[in-house]
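In this note's numbering, each number is its position in the first sequence, counted from 1, plus 4.
Glycine residues also receive a C-beta, built at the ideal position from the N, C-alpha and C atoms.
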Amino acid sequence: MSEDKYEKVMDLAKRRGYLWSSFEIYGGIAGFVDYAPLGTILKNNIIDTWRKHYIINEEFYEIDSPTITPYEVLKASGHVDNFTDPMVECKECLESFRADHIIEENININTEGKTLEELNELIKKHNIRCPKCGGEFGDVKKYNLMFLTSIGPGGKRTGYMRPETAQGIFIQFKRLASFFRNKLPFGVAQIGKSYRNEISPRQGVIRLREFTQAEAEFFVHPKIKNHKRFKDVENDIIPLLPADRQMDETLSSEEKVVNMSLKDAVEKGIIRHETIAYFVAITKRFLMDIGIDINRLRFRQHLPDEMAHYAIDCWDAEIYTDRFGWIECVGIADRTDYDLKAHMNHSGVDLSVFVEYDKPKEIETYDIELNYKVVGKVFKKDMKLVENTLNNMDNSEIEKLVKELNENGKYILTIEDKEFEILNDYLKINKTKKKISGEKVLPHVIEPSYGIDRITYCLLEHAYNEEEDRTYLKLKPEVAPVKVGVFPLVNKQGMPEIAMEIKDNLRKNGIIAEYDDSGAIGRRYMRMDEVGTPFCITVDGQTLEDGTITIRHRDTREQIRIKIDEVVDYIKRNI
RNA sequence: GCGCCAGUGGUGUAGCCUGGUAUCACUCUGGCCUUCCAAGCCAGUAACUCGGGUUCAAAUCCCGACUGGCGCACCA
5 MSEDKYEKVM
15 DLAKRRGYLW
25 SSFEIYGGIA
35 GFVDYAPLGT
45 ILKNNIIDTW
55 RKHYIINEEF
65 YEIDSPTITP
75 YEVLKASGHV
85 DNFTDPMVEC
95 KECLESFRAD
105 HIIEENININ
115 TEGKTLEELN
125 ELIKKHNIRC
135 PKCGGEFGDV
145 KKYNLMFLTS
155 IGPGGKRTGY
165 MRPETAQGIF
175 IQFKRLASFF
185 RNKLPFGVAQ
195 IGKSYRNEIS
205 PRQGVIRLRE
215 FTQAEAEFFV
225 HPKIKNHKRF
235 KDVENDIIPL
245 LPADRQMDET
255 LSSEEKVVNM
265 SLKDAVEKGI
275 IRHETIAYFV
285 AITKRFLMDI
295 GIDINRLRFR
305 QHLPDEMAHY
315 AIDCWDAEIY
325 TDRFGWIECV
335 GIADRTDYDL
345 KAHMNHSGVD
355 LSVFVEYDKP
365 KEIETYDIEL
375 NYKVVGKVFK
385 KDMKLVENTL
395 NNMDNSEIEK
405 LVKELNENGK
415 YILTIEDKEF
425 EILNDYLKIN
435 KTKKKISGEK
445 VLPHVIEPSY
455 GIDRITYCLL
465 EHAYNEEEDR
475 TYLKLKPEVA
485 PVKVGVFPLV
495 NKQGMPEIAM
505 EIKDNLRKNG
515 IIAEYDDSGA
525 IGRRYMRMDE
535 VGTPFCITVD
545 GQTLEDGTIT
555 IRHRDTREQI
565 RIKIDEVVDY
575 IKRNI
């Protein structure tokens with residue numbers, strides 16, 4: 005038994021129509037897979053379950069945006085810079101290195117923000133050589149993990165295949181906020197393909213160049229990160245692998261995991277706030293709903309140096325697989341306002357939300373009334389600049405201005421390098437009381453992001469079962485692609501006709517059923533077991549006498565007998 | 001991207017060293033048989049990863065590409 009489970013699962017997946025490697029007749033390309041007929045249904049069933057959780061239960065709305073994304077968007081989001089690694093290759097031994105890492109190791113310089121030319125110069129200037137063989141380096145080149153394309157004829161606009169679905173949500177934030185009538189919190193989801201041009205994708209379906217993500221973006225008030233339904237989940241016990249325990253060398257790898265209620269985890273500050281904890285619970289419930297083995301699931305906190313540049317806390321749902329060990333299938337991150345801020349700065353569009361207070365506040369404020377006739381003539385072109393600056397002053401600055409005007413008769417307003425002299429007759433300042441009913445805030449976003457392909461593979465592996473005389477997929481009836489197999493026990497006495505009719509009737513009721521009359525009955529059961537079909541209906545001699553059939557359960561192989569006209573109801577109740 | 005190893009019907013394989021019509025089993029399809037868990041009988045479909053070279057002749061020898069496995073590197 006040297007063959008590992010991955011191989012067995014992938015073999016079954018290939019033979020029985022779950023997963024096929026793409027472009028096979030042309031030799032194939034690493035990092036791409038096709039979902040075969042049954043795999044496609046399974047994946048869709050997983051996605052449907054996901055939608056039940058997020059769209060129905062959590063009241064998220066889903067959008068669907070383009071996969072091709074213009075340069076500007078990904079420049080703003082930081083992906084153009086962060087997805088592009090500068091690589092350098094040794095001319096002697098052909099080994100590749102990260103150019104920035106090599107430089108930092110050798111001359112202790114921060115290379116952040118340096119251009120390729122600057123990196124090149126640094127290597128030449130300090131005569132940095134290959135740490136392996138001492139050979140000379142070639143030129144620094146960028147390896148971009150995003151697929152580059154051009155939009156329109158002539159390639160005037162650069163685009164990339166999106167590296168995540170989330171950006172599509174962020175850049176529509178203004179519309180989304182108004183769709184939700186500016187009430188925080190609200191959630192938006194997107195399910196779709198994302199693309200990463202991996203250098204060397206070698207773990208089959210685990211690391212793909214084109215993959216399906218289901219991402220949920222939950223926008224919250226930056227100061228309110230508790231969750232109104234946290235009470236529903238606070239007693240859920242979750243296997244957690246916190247950052248400090250991961251780094252504790254005195255613990256064995258089993259001891260690093262602690263089973264803890266989410267209430268404790270939040271109270272002890274292990275999970276940063278309720279909203280992350282809440283989505284940890286939803287993630288666990290979703291994964292268990294589709295049939296992931298709870299004993300092969302844990303939540304691991306990112307270490308401080310592993311966190312993405314935008315995140316302040318991140319927990320991955322990791323699922324155990326035979327060959328690859330624990331693999332990351334879901335990431336739940338607090339992305340703060342990183343993305344909205346970035347898009348706001350780059351696009352110039354205000355993406356903040358006006359949040360009303362419970363009760364309007366009354367505050368003391370100053371009203372600046374400009375004497376435009378005078379001021380306009382004095383400042384001319386700079387008029388607008390001065391006006392804006394004055395209007396944006398806070399109370400303490402205005403108080404200082406008033407004080408200086410009273411004492412010296414003038415105030416020097418400094419804007420960048422320029423100085424403007426403000427005199428008493430330029431403006432009138434009135435102290436007023438104002439009613440303020442709310443404030444503008446830039447929301448933070450909590451993001452649970454699911455890798456659907458990895459989850460699908462893990463589910464197949466967890467469902468894979470071997471017994472002495474059979475191999476079967478113990479898929480939950482809810483996600484199994486084919487729900488029912490219908491067979492005549494033998495091909496005579498009208499049994500095939502009755503079986504066919506039962507199959508048709510199930511199909512009419514929206515249930516995927518397969519008819520099969522070839523070979524011995526046992527063989528047909530085995531075929532259905534191997535693809536994970538939960539129920540098999542057999543028409544036999546007794547059917548002809550009293551109109552009953554048997555339903556065989558996949559896992560126990562036990563059979564019960566019911567009337568033909570109860571079949572549809574029975575199946576519907578059990579899937 | 002580098003190094004080592006491998007690639008034969010749907011699956012697992014024999015053949016490769018020593019060049020000459022590709023083996024066997026299972027699966028699958030059709031038929032017969034069969035009254036409940038891969039039984040049996042008959043018939044059938046189906047493969048040398050791709051490209052180039054050497055040769056009268058290449059699955060076999062040589063080179064390259066692709067794919068897969070392992071190690072290194074990479075994986076915000």
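- In the three-state reduction of the DSSP assignment, Lys160 falls in the coil class.
- Following the DSSP letters along the chain, one finds Ala281 inside the alpha helix (DSSP H) bounded by residues 278 to 294.
- One thing to note: Cys540 has its Cβ no nearer than 9 angstroms to the Cβ of Gly498.
- Assigned with DSSP and collapsed to three states, Met165 falls in strand.
- Excluding five sequence positions before and after Ile280, the CB atoms of its chain that fall closer than 7 angstroms to its own CB belong to Asp317, Trp319, Ile336, Asp338, Ile450, given in chain order.
- Judged by DSSP secondary structure, Glu221 falls within the beta strand (DSSP E) whose first and last residues are 214 to 224.
- In the displayed model, Arg55 falls within a helix according to three-state DSSP.
- The residues Val571, Val572, in chain order, have a CB closer than 8 angstroms to that of Asn509 in the same chain once the five nearest residues on each side in sequence are set aside.
- With 16 or more other CB atoms across the displayed protein chains lying within 10 angstroms of its CB, Asn124 is buried.
- Beta-bridge partners of Pro452 (DSSP): Ile336.
- Pro70 and Phe222 have their C-alpha atoms some 21 angstroms from each other.
- Pairing Leu446 with Met311 gives a Cβ-Cβ distance that is not under 9 angstroms.
- Here Ala524 is exposed. Its C-beta has fewer than 16 other C-beta atoms within 10 Å.
- From the listed residues Lys487, Val486, Ile502, Pro485, the smallest Cα separation to Leu493 is found for Ile502.
- In this structure the region 550 to 570 does not touch the region 33 to 43; the number of beta carbon pairs closer than 8 angstroms is below three.
- For a cut-off of 8 angstroms, the C-beta gap from Ala285 to Val237 is around 4 angstroms, short enough to register as a contact.
- Taking C-beta separations shorter than 7 angstroms and ignoring five residues to either side along the sequence, the partners of Asp457 in its chain run Val209, Leu212, Phe215, Thr216, following chain order.
- Going by C-alpha positions, Phe184 is about 7 angstroms away from Phe190.
- Within its own chain, the residues whose Cβ lies closer than 7 angstroms to the Cβ of Ile575, once the five positions on either side in sequence are excluded, are Lys487, Val488, Leu510, Ile515, Phe539, listed in chain order.
- Under the DSSP assignment, Thr393 falls in the alpha helix (DSSP H) whose first and last residues are 387 to 395.
- Going by beta carbons, Gly536 and Lys478 fall inside the 9 angstroms limit.
- For Asp343, the enclosing alpha helix (DSSP H) starts and ends at 342 to 351.
- Annotation for Glu271: the continuous alpha helix (DSSP H) segment containing it runs 266 to 271.
- Sequence-distant partners of Val192 (beyond 5 residues in either direction) whose C-beta falls short of 7 angstroms from its own C-beta, in its chain, are Phe64, Tyr65, Ile67, Ile173, Leu180, Glu221.
- The beta carbon of Asp521 sits closer than 6 angstroms to those of Pro492, Asn495, Pro500, all from its chain and outside the five residues before and after it, given in chain order.
- For the options Asn61, Phe141, Glu122, Ile50, the alpha carbon positioned closest to that of Val92 is the one of Phe141.
- Within the DSSP bridge table, the entry for His557 names Phe539 as partners.
- The beta carbon of Ile155 sits closer than 6 angstroms to the beta carbons of Arg161, Gly163 from its chain, once the five residues preceding and following it are set aside; these are given in chain order.
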